[in-house]
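Asker: With our numbering, the residue at position 201 of the sequence shown is 216, and numbering never jumps.
No residue lacks a Cβ here, since even glycine has one placed at the ideal position from N, Cα and C.
Predicted, not measured: the structure shown is a model, and the values here were computed from it.
Below: one structure in structure tokens.
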Amino acid sequence: MQKWFDNQVVVVTGAGRGIGFSTAKLFAEFGAKVVINDYDADCAIKAQEELQKLGHTVLAVPGDVTDPAYPDMLMKKTVDEFGKINVLVNNAGYTWDGMIHKMSDKQFMAILEVHNIAPFRMIRACAPYMREVAKQEKAEGKTPEPRSIINVSSLSGLHGNIGQANYSTAKAGIIGLTKTVAKEWGPFGIRCNAVAFGFIQTRLTQDQESGEQIEVEGEKIQLGIPSHMKGMITMLIPLGRPGTPEEAAGPIVFLASPLASYITGICLEVTGGLQV
Ligand SMILES: NC(=O)c1ccc[n+]([C@@H]2O[C@H](COP(=O)([O-])OP(=O)(O)OC[C@H]3O[C@@H](n4cnc5c(N)ncnc54)[C@H](O)[C@@H]3O)[C@@H](O)[C@H]2O)c1
16 MQKWFDNQVV
26 VVTGAGRGIG
36 FSTAKLFAEF
46 GAKVVINDYD
56 ADCAIKAQEE
66 LQKLGHTVLA
76 VPGDVTDPAY
86 PDMLMKKTVD
96 EFGKINVLVN
106 NAGYTWDGMI
116 HKMSDKQFMA
126 ILEVHNIAPF
136 RMIRACAPYM
146 REVAKQEKAE
156 GKTPEPRSII
166 NVSSLSGLHG
176 NIGQANYSTA
186 KAGIIGLTKT
196 VAKEWGPFGI
206 RCNAVAFGFI
216 QTRLTQDQES
226 GEQIEVEGEK
236 IQLGIPSHMK
246 GMITMLIPLG
256 RPGTPEEAAG
266 PIVFLASPLA
276 SYITGICLEV
286 TGGLQV
């Protein structure tokens with residue numbers, strides 16, 4: 016296997032399970048040292064242990080990405096442990112669905128908080144270790160190390176989705192942030208891209224009837240999609256099935272890899288052909 020990320024350090028948020036975990040694992044398989052964030056601490060530690068058993072170098076830093084103090088702490092811990100940051104994947108998130116006329120301010124803003132404000136703070140917290148270091152390398156006439164940021168978006172952000180006014184607004188917003196970072200940090204050789212997923216099989220998209228919930232600020236939030244709707248969505252996917260977390264991880268790793276060294280500011284759709 017190519018060791019594209021040998022001696023590189025990759026931070027993945029929401030990497031305790033689902034797409035984030037598969038992404039951390041794939042980066043590690045390609046040689047990276049990986050930092051796993053998740054606010055579910057048990058899950059983050061379990062993910063760390065699983066990857067360490069496979070011989071990978073991993074650091075779990077459990078915490079809530081929406082805590083304003085957390086991004087600076089995460090980046091500092093990463094650099095204290097591994098000396099630098101090459102890749103940041105802003106993946107952590109959840110859905111809190113509801114129709115517009117019934118959606119509370121709290122419900123709308125919580126989703127903006129996790130999918131927009133937290134990634135913005137994460138990127139800003141990376142600036143001293145990515146932008147400033149690259150600027151210095153450039154001033155010294157050195158070739159800057161490979162550095163990039165991948166933000167996770169969704170088809171909901173591109174086309175809207177019934178019941179997801181909050182989520183579709185946030186997932187559209189992250190594309191604007193991506194394109195801005197690409198323009199601001201491109202001169203330092205730092206790339207920034209987004210990936211918009213369609214229907215990937217994870218806890219987020221499991222049968223709603225299974226009753227899985229998460230708790231945010233004391234509020235219990237139902238996760239998943241009603242099973243009859245999943246059947247309908249699947250019928251619209253040209254490839255005829257949802258994607259796996261591994262199939263979601265591949266394009267993220269590709270965008271950070273040398274194969275994508277001239278790609279920045281794009282949003283790559285990973286949807287099995289679904290376009291609505
Ligand atoms: N599954 C899909 O079909 C799909 C489609 C489009 C976009 N996405 C996006 O992909 C990303 C990953 O989702 P997934 O499907 O793997 O879901 P998942 O629920 O399996 O994993 C998400 C992880 O993020 C963590 N997380 C949530 N809020 C957090 C916070 N505030 N701080 C730290 N960690 C937090 C959760 O604990 C969980 O482990 C999300 O941004 C999601 O919106 C998923």
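Ligand 2 and Ser-242: does the residue's C-beta get closer than 7 angstroms to at least one heavy atom of that ligand?
Answerer: Ligand 2 is absent from the structure shown, which contains only ligand 1.
Asker: Using the Cα positions of Ala-43 and Pro-241, report the straight-line distance between them to the nearest angstrom.
Answerer: Walking along the sequence shown from the start, residue 43 turns up at place 28. Walking along the sequence shown from the start, residue 241 turns up at place 226. About 34 angstroms.
Asker: Ligand 1 and Phe-135: does the residue's C-beta get closer than 7 angstroms to at least one heavy atom of that ligand?
Answerer: In the sequence shown, counting from the first residue as 1, residue 135 sits at position 120. Not under cutoff, so the answer is no.
Asker: Is the number of C-beta pairs between the region 204-216 and the region 267-286 that are closer than 8 angstroms three or more?
Answerer: The region 204-216 vs the region 267-286: in contact.
Asker: Among residues of its own chain, excluding the 5 on either side of Asp-87, which ones have a beta-carbon nearer than 7 angstroms to its beta-carbon?
Answerer: In the sequence shown, the residue the question calls residue 87 occupies position 72. Contacts found: Ala-140.
Asker: So, is Ile-177 buried or exposed, given that buried needs 16 or more other C-beta atoms within 10 angstroms?
Answerer: The residue you call residue 177 lines up with position 162 of the sequence shown. Classification for Ile-177: exposed.
Asker: Can Gly-191 be considered in contact with ligand 1, in the sense that its beta carbon sits closer than 7 angstroms to one or more heavy atoms?
Answerer: Here residue 191 refers to the residue found at position 176 when the sequence shown is read from its first residue. Not so, every heavy atom of ligand 1 lies at least 7 angstroms from the Cβ.
Asker: Does DSSP classify Ala-187 as helix, strand or coil?
Answerer: Residue mapping note: residue 187 aligns to position 172 of the sequence shown, counting from 1. Correct three-state label for Ala-187: helix.
Asker: Should Val-285 and Pro-273 be called a contact, given that it needs their Cβ atoms to be closer than 8 angstroms?
Answerer: The residue given as residue 285 occupies position 270 in the sequence shown. The residue given as residue 273 occupies position 258 in the sequence shown. In this structure, Pro-273 does not lie closer than 8 angstroms to Val-285 by Cβ.
Asker: Do Val-24 and Thr-38 have their C-beta atoms closer together than 8 angstroms?
Answerer: Within the sequence shown, residue 24 is the residue found at index 9, counting from 1. Within the sequence shown, residue 38 is the residue found at index 23, counting from 1. Cβ distance not < 8 angstroms, so Val-24 and Thr-38 don't count as in contact.
Asker: What does a CB cutoff of less than 6 angstroms around Lys-99 pick up in its chain, not counting 5 residues either side in sequence?
Answerer: Locating residue 99 in the sequence shown gives position 84, where the first residue counts as 1. Closer than 6 angstroms at the Cβ level, and outside the excluded window around Lys-99, lie Val-24.
Asker: Does the beta carbon of Ala-107 fall short of 7 angstroms from some heavy atom of ligand 1?
Answerer: In the sequence shown, residue 107 corresponds to position 92, counting from 1. Indeed, a heavy atom of ligand 1 lies less than 7 angstroms from the Cβ.
Asker: Report the CB separation of Ala-264 from Leu-66 in whole angstroms; it is logged as a contact under 8 angstroms.
Answerer: On the sequence shown, position 249 is the one that residue 264 refers to. On the sequence shown, position 51 is the one that residue 66 refers to. About 13 angstroms; that fails the 8 angstroms criterion.
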